[in-house]
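The listed protein sequences correspond, in order, to chains A and B. Using our numbering, you'd call the opening residue of the first sequence number 1 and step up by one each time. Using our numbering, you'd call the opening residue of the second sequence number 440 and step up by one each time. All C-beta atoms, glycine included, are put in the ideal place defined by N, C-alpha and C.
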Amino acid sequence: MSFLPNSDEDIRSMCNEIGVNSVEDLFVDIPSTVKNPDIQLPSPLSEQEAMHSLLRIANTNKRVCSLVGGGIYHHYVPAVVDHLSSRSEFYTAYTPYQPEVSQGTLAAIFEFQTYMCRLTGMDIANASMYDGATALAEAVLMAVRTTRKNNVLCSAAIHPHYRQVLATYAWASDISLQIVPYKNGATDYTELSHIINDTVACVVVQSPNFFGVIEDIEKVAHIAHEHKALCIATFTEAMSLGLLKSPGECGADIACGEGQSFGNYPANGGPLLGILACKKEFMRTIPGRLIGKTVDEDGRECYVMTLQTREQHIRRERATSNICTNEGLCALRATIYLGLVGNRLVELARTNHMAASYCLEQLVNLGYERVFDAPFFNEFVIKINNAKNVQNKLMDNGFALGIPLETYYPELSDCLLVTATECTTKDDIDTLVKLLQTI
Amino acid sequence: MVSTMQTIFSLHKQGRNKYTVPQFGAESYDPIPQHLCRGELNLADVSEVDVVRHYRKLSSLNFGVDNGMYPLGSCTMKYNPKINDAVASLPQFTQQHPATIEELSQGSLHIMYSLQEMLCAITGMKQFTLMPAAGAHGELTSVMIIKKYFETKGEKRNIILIPDSAHGTNPASVAMCGFTVKEIPSNSDGDVDIDALRAAMDDNVAAMMLTCPNTLGLFDRNIMTIADILHSNGALFYCDGANLNAIVGKVRPADLGFDIMHVNLHKTFSTPHGGGGPGSGPIGVVEKLTPFMPVPVIAKKDNQFYLDYERPQSIGRVHSYYGNFLVMLRAYTYIVMLGASGLKQVAEHAVVNANYLRVKLQKHFNLPYTRICMHEFVINDEGMPGGITTNEIAKRLLDYGFHAPTVYFPLIVHGAMMIEPTETEHRDTLDAFVDTMIAIKNEANTNPEVLKAAPHTTPVRKVDALLAARKPVLKWEE
Numbered sequence: 001m002s003f004l005p006n007s008d009e010d011i012r013s014m015c016n017e018i019g020v021n022s023v024e025d026l027f028v029d030i031p032s033t034v035k036n037p038d039i040q041l042p043s044p045l046s047e048q049e050a051m052h053s054l055l056r057i058a059n060t061n062k063r064v065c066s067l068v069g070g071g072i073y074h075h076y077v078p079a080v081v082d083h084l085s086s087r088s089e090f091y092t093a094y095t096p097y098q099p100e101v102s103q104g105t106l107a108a109i110f111e112f113q114t115y116m117c118r119l120t121g122m123d124i125a126n127a128s129m130y131d132g133a134t135a136l137a138e139a140v141l142m143a144v145r146t147t148r149k150n151n152v153l154c155s156a157a158i159h160p161h162y163r164q165v166l167a168t169y170a171w172a173s174d175i176s177l178q179i180v181p182y183k184n185g186a187t188d189y190t191e192l193s194h195i196i197n198d199t200v201a202c203v204v205v206q207s208p209n210f211f212g213v214i215e216d217i218e219k220v221a222h223i224a225h226e227h228k229a230l231c232i233a234t235f236t237e238a239m240s241l242g243l244l245k246s247p248g249e250c251g252a253d254i255a256c257g258e259g260q261s262f263g264n265y266p267a268n269g270g271p272l273l274g275i276l277a278c279k280k281e282f283m284r285t286i287p288g289r290l291i292g293k294t295v296d297e298d299g300r301e302c303y304v305m306t307l308q309t310r311e312q313h314i315r316r317e318r319a320t321s322n323i324c325t326n327e328g329l330c331a332l333r334a335t336i337y338l339g340l341v342g343n344r345l346v347e348l349a350r351t352n353h354m355a356a357s358y359c360l361e362q363l364v365n366l367g368y369e370r371v372f373d374a375p376f377f378n379e380f381v382i383k384i385n386n387a388k389n390v391q392n393k394l395m396d397n398g399f400a401l402g403i404p405l406e407t408y409y410p411e412l413s414d415c416l417l418v419t420a421t422e423c424t425t426k427d428d429i430d431t432l433v434k435l436l437q438t439i
Numbered sequence: 440m441v442s443t444m445q446t447i448f449s450l451h452k453q454g455r456n457k458y459t460v461p462q463f464g465a466e467s468y469d470p471i472p473q474h475l476c477r478g479e480l481n482l483a484d485v486s487e488v489d490v491v492r493h494y495r496k497l498s499s500l501n502f503g504v505d506n507g508m509y510p511l512g513s514c515t516m517k518y519n520p521k522i523n524d525a526v527a528s529l530p531q532f533t534q535q536h537p538a539t540i541e542e543l544s545q546g547s548l549h550i551m552y553s554l555q556e557m558l559c560a561i562t563g564m565k566q567f568t569l570m571p572a573a574g575a576h577g578e579l580t581s582v583m584i585i586k587k588y589f590e591t592k593g594e595k596r597n598i599i600l601i602p603d604s605a606h607g608t609n610p611a612s613v614a615m616c617g618f619t620v621k622e623i624p625s626n627s628d629g630d631v632d633i634d635a636l637r638a639a640m641d642d643n644v645a646a647m648m649l650t651c652p653n654t655l656g657l658f659d660r661n662i663m664t665i666a667d668i669l670h671s672n673g674a675l676f677y678c679d680g681a682n683l684n685a686i687v688g689k690v691r692p693a694d695l696g697f698d699i700m701h702v703n704l705h706k707t708f709s710t711p712h713g714g715g716g717p718g719s720g721p722i723g724v725v726e727k728l729t730p731f732m733p734v735p736v737i738a739k740k741d742n743q744f745y746l747d748y749e750r751p752q753s754i755g756r757v758h759s760y761y762g763n764f765l766v767m768l769r770a771y772t773y774i775v776m777l778g779a780s781g782l783k784q785v786a787e788h789a790v791v792n793a794n795y796l797r798v799k800l801q802k803h804f805n806l807p808y809t810r811i812c813m814h815e816f817v818i819n820d821e822g823m824p825g826g827i828t829t830n831e832i833a834k835r836l837l838d839y840g841f842h843a844p845t846v847y848f849p850l851i852v853h854g855a856m857m858i859e860p861t862e863t864e865h866r867d868t869l870d871a872f873v874d875t876m877i878a879i880k881n882e883a884n885t886n887p888e889v890l891k892a893a894p895h896t897t898p899v900r901k902v903d904a905l906l907a908a909r910k911p912v913l914k915w916e917e
């Protein structure tokens, strides 16, 4: 299959007009010793054959009833989201360099920025980062730039992948990273007060954290500010913003995290939607695209990319970041999703919490141990003797129960991070309980 | 102020929102303490019809590849085959959680593994990772690998060379890893100035980043000499693969002496640009750099695909999970449909189209570098009647139903217009583009006012970018 519209005759006559004898003459600058290599790829396919082959591969993925979250969540995606985001005027455009023919993208992203500000309690949000983990890394780089300090404190209860990505970026930028231990599922605030000093650029905390526990961001912000450090509040479950006090309200300076829960699929972990928002005093140090409101020549309200002197295409090595292509279409999906759900997000978040509460209650009734006695949103940690074995048996019966924490926290053997959302029904949990009784 | 478009927030009316949340059917026994809960949430409450009409209307204000020719240089705005999206919408892929155990996710791992292998075959690199979410993310990951390589060897090298024609992401990525940028000038033919390169070489140089073909659309004729100069000094040679569309199937970057490169799946491999993303920026490396690749690496053993974390020298993790999987799916679909012969034709037709445009436009516009180009070329506004500028030409093109080229880049050409037609435009469209450019030049003589005031027919007229920067309004307020 080919998508080349020119006929052989077109190509011949175009070569003629160019003044070359053959197409090959146009590749004269490539060293002949390495030109036209033999490349081993499977034979070309028709569309029908390709679809058939892809379906065969797709079917080797096995679906189960999933009580798995830990950064990526199963939420229902309303049909409107797929329908509207599939309009090719949106998805076959690129970065809105020409605002006069990009008002669709620009207006939608302006709305996205507004949604993110309202949900996080911040003044400014950018037009998306790659994912939650890199959004956190960029937030930390931003804090280091702003405070001109180089030490970062990071809670041990932050998603381990986020910490790993942060560690990679910190190593590359010569930033020193210190982990603050957790206690009963939350950041050890007393220990944080002991460790912190005036050389610290920022304190990073996640809420709900990797154990599902809702952190006391207000306390962390207070401790950070006493030492002229910034407080960065991150999150992996954006749905929680519908119910919980926003990072801004809690006194955080920068909020960042993952927005996949809003209208984007788990999709084996990507594309995701990085969110980065901050208080207005950091407007000129935030990385990424920003869309601003303005007027056109006739005085009509419209939108345009703005404050671009922060960005790599203008500032080059002195830019606030190297980010160029972001996650625009995922941001559009989130915007459409939030438009549709509106303030019912509160109710939706409450359903998530209810499902998780019921699930925890049922598991505790079976005699399993609730590991952290702390408030949670839609995830919690449960200890099940011989957890690996139990997980495998459940898997044979079509259930994926949680993420084993031992991989990331050796002290938490047999502990599983279990997640329930609005996609988890009471029937699912009751069936799970019956299965567990037979194991 | 006249309002052309409403925001979703201005459509808000209490009681309009009928979105129904499923009821769980059991009470919560573990309430969240009030002091941790938020007050009122002030999102917009609108009906489903409002949402559909609002975003459908917004979509009509946009211009995409499906609307018409989008010759945005170095962005490769080619046609995005629709089967790609159909495959990326299969629930077997979209509903899959990344923490699912490997036995149950063999399909996704199969796609990733095969795509890595195919990219190796196409580029000649030893190993690929698909984790970087965009080209600039691939650059950053690559510079980290370069840093780790020298750190492991115990060498302190702190300079990375970048030609003056490079994309802004190159120096920005370098700076994020603590290296210093040293700029290398281009010569009058548009190639790297070899003497300047030799003069800049010393033990502090870790690598050189080169876009291939470069941002003038030219294939550097000294490329193997550059590779020799770098390698004999122990430095690495990085290929910015943003422009791979020009040479895919025609030459493997590894054969040219490159040690590490990124490719943009959203350019060469036809995945849609999404109004700014998501893209995907996989990187490939030669053998000696494989130990430093980010984790996890997708591997295969006994016919089973798995995630390999046992990489002690790895730079670590660079993404929450494995990168932009649905973008990889689209690129995989494209490559298996085209095969090696189809990919080679992509480059050939892209280069024919660009040279055809170049030759036709050269008669009417200033072309600073006149040699045979690859997939794109650069003209500028020098000699335009009445001092008409690149920006005015770009805006006028919008009136005629074309997207504008990349403008004022590369920086080494004053008033640059970087034109990349791609292989998916046919000759008739290219002829129409040429005719339009000539018509615009005639307007510069006969009716310069219409040019200076362009655009006229677009959803909004010339946008006041200065006002937006001077008085930033970055969110909607009543």
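Chain-order list of residues whose beta-carbon lies under 7 Å from that of residue i (same chain, five-residue window excluded)
i	result
M440(B)	Annotation note: pLDDT 41 at M440(B) (below 50); position unreliable, no value reported.
L363(A)	I382
A451(A)	Only positions 1 to 439 of chain A appear in this structure, which leaves residue 451(A) out of reach.
Helix, strand or coil at residue i according to DSSP, with G and I counted as helix
i	result
R300(A)	strand
N456(B)	coil
Y182(A)	strand
K517(B)	coil
G778(B)	helix
T619(B)	strand
T234(A)	strand
T729(B)	helix
C4(A)	First, the residue type needs correcting, since residue 4(A) is Leu and not Cys in the sequence shown. Of the three classes helix, strand and coil, the one that applies to L4(A) here is coil, per DSSP.
I858(B)	strand
R289(A)	coil
V140(A)	helix
S53(A)	helix
F567(B)	strand
P99(A)	helix
Same chain, Cβ closer than 8 Å to residue i, neighbours up to 5 away in sequence not counted
i	result
I665(B)	V631, I633, L636, M647, L649, D659, F676 and G696
S442(B)	Reliability of the predicted coordinates at S442(B) is poor, the pLDDT of 49 falling under 50, and the value obtained from them is presented with this limitation in mind. So the list is empty, once near-sequence residues are dropped.
P99(A)	L106, C302, Y303, V304 and M305
I314(A)	Q308
Strand pairing of residue i, partner residues [DSSP]
i	result
G274(A)	M129(A) and E258(A)
C415(A)	K383(A)
M700(B)	C678(B) and G723(B)
T294(A)	C302(A)
N805(B)	N819(B)
Boundaries (first-last residue) of the beta strand (DSSP E) holding residue i
i	result
N59(A)	Run containing N59(A): none; DSSP gives neither H nor E here.
D747(B)	Q743 to D747
V204(A)	V200 to Q206
Residue range of the alpha helix (DSSP H) that includes residue i
i	result
K932(B)	This structure gives no information on residue 932(B), because the portion of chain B shown stretches from 440 to 917.
L84(A)	A79 to S85
K595(B)	K595(B) -> no alpha helix (DSSP H), and no H or E assigned at all.
A645(B)	Not the alpha helix (DSSP H): A645(B) falls in the beta strand (DSSP E), residues V644 to T650.
K219(A)	I217 to E226
Close beta carbons around residue i, own chain, < 6 Å, minus the five adjacent residues each side
i	result
M116(A)	A125, I275 and A277
Y748(B)	V734 and P735
> Between the segment 677-688 of chain B and the segment 705-714 of chain B, are three or more C-beta pairs nearer than 8 Å?
Replying inline: In the pairwise beta carbon analysis, the segment 677-688 of chain B is classified as touching the segment 705-714 of chain B: at least three pairs are separated by under 8 Å.
> Taking contact to mean at least 3 C-beta pairs separated by less than 8 Å, is the segment 577-584 of chain B in contact with the segment 599-617 of chain B?
Replying inline: Taking 8 Å as the limit for Cβ pairs, the verdict is that the segment 599-617 of chain B does touch the segment 577-584 of chain B.
>> For the structure I just gave you, are there three or more beta carbon pairs, one from the segment 256-270 of chain A and one from the segment 323-339 of chain A, closer than 8 Å?
In response: Between the segment 256-270 of chain A and the segment 323-339 of chain A, the count of C-beta pairs closer than 8 Å reaches three or more; the two stretches touch.
>> Closer than 8 Å is the cut-off here; do at least three beta carbon pairs connect the segment 852-860 of chain B with the segment 809-822 of chain B?
In response: A contact exists between the segment 852-860 of chain B and the segment 809-822 of chain B.
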